[in-house]
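Below is one structure; the comments refer to it alone.
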Amino acid sequence: MAISMSELKKGLKIEIDKIPYRIVEYQHVKPGKGAAFVRAKIKSFLDGKVIEKTFHAGDKCDEPNLQEKTMQFLYQDGDLFQFMDNETYEQIALTQDQVGDAAKWIIDGTIVQVLFHNDKAISVDAPQVVELKIIETAPNFKGDTSSAGKKPATLETGAVVQIPFHVLEGESIRVNTETGEYVEKVK
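Numbering (my numbering) for the sequence shown: 14 to 200.
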(Lines of atoms letter the chains of each structure in order from A and count residues from 1; the text may use other names and numbers.)
(Lines give C-alpha, C1' and ligand atoms only; values in the text may rest on other atoms or scores of the structure.)
Protein backbone atom coordinates (compact mmCIF):
# COMPACT_ATOMS: atom_id res chain seq x y z
CA MET A 1 0.00 0.00 0.00
CA ALA A 2 1.39 3.40 -0.96
CA ILE A 3 1.58 6.21 1.60
CA SER A 4 1.00 9.75 0.30
CA MET A 5 2.63 12.97 1.49
CA SER A 6 -0.49 14.02 3.43
CA GLU A 7 -0.35 10.84 5.56
CA LEU A 8 3.21 11.39 6.81
CA LYS A 9 3.59 11.82 10.57
CA LYS A 10 6.16 11.26 13.32
CA GLY A 11 6.75 7.57 14.09
CA LEU A 12 5.33 6.33 10.77
CA LYS A 13 7.29 3.50 9.14
CA ILE A 14 7.97 3.91 5.42
CA GLU A 15 10.09 2.18 2.78
CA ILE A 16 12.20 4.02 0.21
CA ASP A 17 14.37 2.13 -2.32
CA LYS A 18 13.73 -1.17 -0.45
CA ILE A 19 15.10 0.31 2.82
CA PRO A 20 12.75 0.62 5.83
CA TYR A 21 12.76 3.96 7.69
CA ARG A 22 10.96 5.55 10.64
CA ILE A 23 9.99 9.23 10.48
CA VAL A 24 11.75 10.91 13.41
CA GLU A 25 10.73 14.50 12.71
CA TYR A 26 8.63 16.17 10.06
CA GLN A 27 7.57 19.67 9.13
CA HIS A 28 4.84 20.68 6.68
CA VAL A 29 6.05 23.71 4.68
CA LYS A 30 3.74 26.00 2.70
CA PRO A 31 5.87 28.58 0.90
CA GLY A 32 4.34 31.82 -0.43
CA LYS A 33 4.92 30.65 -3.99
CA GLY A 34 4.78 27.09 -5.22
CA ALA A 35 3.33 23.91 -3.84
CA ALA A 36 3.47 22.74 -0.23
CA PHE A 37 5.97 20.06 0.73
CA VAL A 38 7.03 18.03 3.76
CA ARG A 39 10.59 18.15 5.07
CA ALA A 40 11.32 15.06 7.19
CA LYS A 41 14.15 13.43 9.09
CA ILE A 42 14.01 9.68 8.62
CA LYS A 43 16.01 7.01 10.46
CA SER A 44 17.05 3.80 8.74
CA PHE A 45 16.17 0.56 10.52
CA LEU A 46 19.16 -1.12 8.86
CA ASP A 47 22.05 1.09 9.99
CA GLY A 48 20.46 3.69 12.30
CA LYS A 49 21.54 6.66 10.16
CA VAL A 50 19.27 9.70 10.08
CA ILE A 51 18.86 11.50 6.77
CA GLU A 52 16.75 14.45 5.61
CA LYS A 53 14.23 13.88 2.84
CA THR A 54 11.81 16.26 1.13
CA PHE A 55 8.42 14.94 -0.01
CA HIS A 56 6.39 16.88 -2.60
CA ALA A 57 2.70 16.59 -3.44
CA GLY A 58 2.13 13.40 -5.37
CA ASP A 59 5.17 11.61 -3.91
CA LYS A 60 4.36 8.15 -2.63
CA CYS A 61 6.22 5.84 -0.23
CA ASP A 62 5.69 2.16 0.27
CA GLU A 63 4.69 0.60 3.55
CA PRO A 64 7.54 -1.69 4.67
CA ASN A 65 6.97 -5.39 5.31
CA LEU A 66 7.87 -5.30 9.01
CA GLN A 67 7.02 -7.83 11.71
CA GLU A 68 7.92 -7.75 15.38
CA LYS A 69 8.54 -11.01 17.20
CA THR A 70 8.98 -11.54 20.90
CA MET A 71 12.21 -13.47 21.39
CA GLN A 72 14.46 -14.48 24.26
CA PHE A 73 18.16 -13.61 24.38
CA LEU A 74 20.03 -16.85 25.07
CA TYR A 75 23.74 -16.02 25.07
CA GLN A 76 26.56 -14.22 23.26
CA ASP A 77 28.83 -16.43 21.16
CA GLY A 78 31.85 -14.33 20.18
CA ASP A 79 30.52 -11.58 17.90
CA LEU A 80 27.08 -13.20 17.55
CA PHE A 81 24.05 -12.84 19.82
CA GLN A 82 21.79 -15.91 19.95
CA PHE A 83 18.00 -15.42 20.21
CA MET A 84 15.13 -17.90 20.40
CA ASP A 85 11.58 -17.45 19.12
CA ASN A 86 9.30 -18.10 22.11
CA GLU A 87 6.61 -19.75 19.97
CA THR A 88 8.54 -21.93 17.49
CA TYR A 89 11.75 -22.37 19.56
CA GLU A 90 13.66 -21.51 16.37
CA GLN A 91 17.02 -19.86 17.05
CA ILE A 92 18.67 -17.02 15.13
CA ALA A 93 22.09 -15.39 15.44
CA LEU A 94 22.44 -11.61 15.08
CA THR A 95 25.55 -9.45 14.77
CA GLN A 96 26.55 -6.56 17.05
CA ASP A 97 25.34 -4.09 14.36
CA GLN A 98 21.90 -5.71 14.24
CA VAL A 99 21.56 -5.77 18.04
CA GLY A 100 22.84 -2.19 18.40
CA ASP A 101 22.39 -0.37 21.72
CA ALA A 102 20.19 -3.16 23.09
CA ALA A 103 23.42 -5.13 23.76
CA LYS A 104 24.13 -2.80 26.74
CA TRP A 105 20.90 -3.81 28.46
CA ILE A 106 20.33 -7.52 27.84
CA ILE A 107 21.50 -10.53 29.82
CA ASP A 108 20.80 -14.24 29.32
CA GLY A 109 17.04 -14.82 29.44
CA THR A 110 15.97 -11.24 28.64
CA ILE A 111 12.78 -11.03 26.57
CA VAL A 112 13.24 -8.60 23.64
CA GLN A 113 11.40 -7.44 20.52
CA VAL A 114 13.18 -8.37 17.26
CA LEU A 115 12.12 -6.46 14.16
CA PHE A 116 12.06 -8.35 10.86
CA HIS A 117 12.02 -6.77 7.37
CA ASN A 118 11.00 -9.21 4.63
CA ASP A 119 11.63 -12.10 7.06
CA LYS A 120 15.20 -10.91 7.84
CA ALA A 121 16.05 -9.72 11.37
CA ILE A 122 17.19 -6.10 11.28
CA SER A 123 17.05 -4.72 14.85
CA VAL A 124 16.48 -5.54 18.51
CA ASP A 125 14.60 -3.49 21.12
CA ALA A 126 15.36 -4.14 24.79
CA PRO A 127 12.56 -3.75 27.36
CA GLN A 128 12.04 -0.14 28.49
CA VAL A 129 13.16 -0.96 32.05
CA VAL A 130 15.63 -3.71 32.95
CA GLU A 131 16.98 -5.06 36.25
CA LEU A 132 20.77 -5.37 36.32
CA LYS A 133 23.39 -6.03 38.99
CA ILE A 134 26.12 -3.50 39.81
CA ILE A 135 29.54 -5.16 39.47
CA GLU A 136 31.72 -2.13 40.15
CA THR A 137 31.24 1.26 41.78
CA ALA A 138 33.10 3.51 44.20
CA PRO A 139 32.55 2.78 47.91
CA ASN A 140 30.59 5.19 50.06
CA PHE A 141 32.41 7.67 52.25
CA LYS A 142 31.08 9.34 55.36
CA GLY A 143 29.17 12.45 54.32
CA ASP A 144 28.27 11.09 50.85
CA THR A 145 24.56 11.32 51.53
CA SER A 146 23.73 14.22 49.25
CA SER A 147 20.62 13.30 47.26
CA ALA A 148 21.89 15.36 44.31
CA GLY A 149 25.22 13.52 44.16
CA LYS A 150 25.81 10.69 41.72
CA LYS A 151 28.61 8.23 41.07
CA PRO A 152 29.32 6.01 38.05
CA ALA A 153 28.52 2.30 38.28
CA THR A 154 29.42 -0.53 35.89
CA LEU A 155 26.61 -3.02 35.38
CA GLU A 156 26.87 -6.76 34.62
CA THR A 157 26.39 -6.02 30.90
CA GLY A 158 29.30 -3.55 30.84
CA ALA A 159 27.04 -0.47 30.62
CA VAL A 160 27.95 2.47 32.87
CA VAL A 161 25.19 4.52 34.54
CA GLN A 162 25.11 7.27 37.16
CA ILE A 163 23.65 6.09 40.48
CA PRO A 164 22.98 7.73 43.87
CA PHE A 165 25.71 7.42 46.53
CA HIS A 166 23.62 5.12 48.77
CA VAL A 167 23.53 2.30 46.18
CA LEU A 168 26.35 -0.21 46.67
CA GLU A 169 28.32 -2.72 44.59
CA GLY A 170 26.54 -6.09 44.33
CA GLU A 171 23.05 -4.57 44.54
CA SER A 172 20.57 -4.69 41.67
CA ILE A 173 18.97 -1.62 40.13
CA ARG A 174 16.35 -0.83 37.52
CA VAL A 175 17.53 1.20 34.51
CA ASN A 176 15.53 2.98 31.80
CA THR A 177 17.01 1.62 28.55
CA GLU A 178 15.81 4.56 26.44
CA THR A 179 17.60 7.21 28.51
CA GLY A 180 20.28 5.06 30.19
CA GLU A 181 19.26 6.50 33.57
CA TYR A 182 18.94 4.91 37.00
CA VAL A 183 15.28 4.39 37.98
CA GLU A 184 15.38 2.71 41.40
CA LYS A 185 17.13 0.20 43.62
CA VAL A 186 15.64 -3.32 43.57
CA LYS A 187 14.51 -4.31 47.02
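Beta carbons are placed, not taken as given, at the ideal position from N, Cα and C, and that holds for glycine.
Values in this document were obtained by computation on a predicted structure and should not be read as measured data.
Open item on the list: Please give me, in chain order, every unbroken run of the alpha helix (DSSP H) with length at least 4 that falls completely inside the region 106-148.
Closed with: 109-112
Task: Continuous beta strand (DSSP E) stretch holding E65: start and end - done: 63-69
Open item on the list: Cutting at 7 Å between CB atoms, please list the residues of its own chain near D72, excluding the five before and the five after it.
Closed with: M18
Task: Sequence-distant residues of its chain with Cβ nearer than 7 Å to D121 (five each side left out) - done: F86, L87, Y88
- [ ] Leaving aside the five residues before and after D92 along the sequence, list all residues of the same chain whose C-beta is less than 7 Å from its C-beta, in chain order.
- [x] Correct list, in chain order: T108, Q109.
TODO: Note down, one range per segment and in chain order, each alpha helix (DSSP H) of at least 4 residues found wholly within the region 156-191.
DONE: None, since the region 156-191 contains no complete alpha helix (DSSP H) of that length.
TODO: Indicate the three-state DSSP secondary structure (helix, strand or coil) for E100 in the structure shown.
DONE: coil
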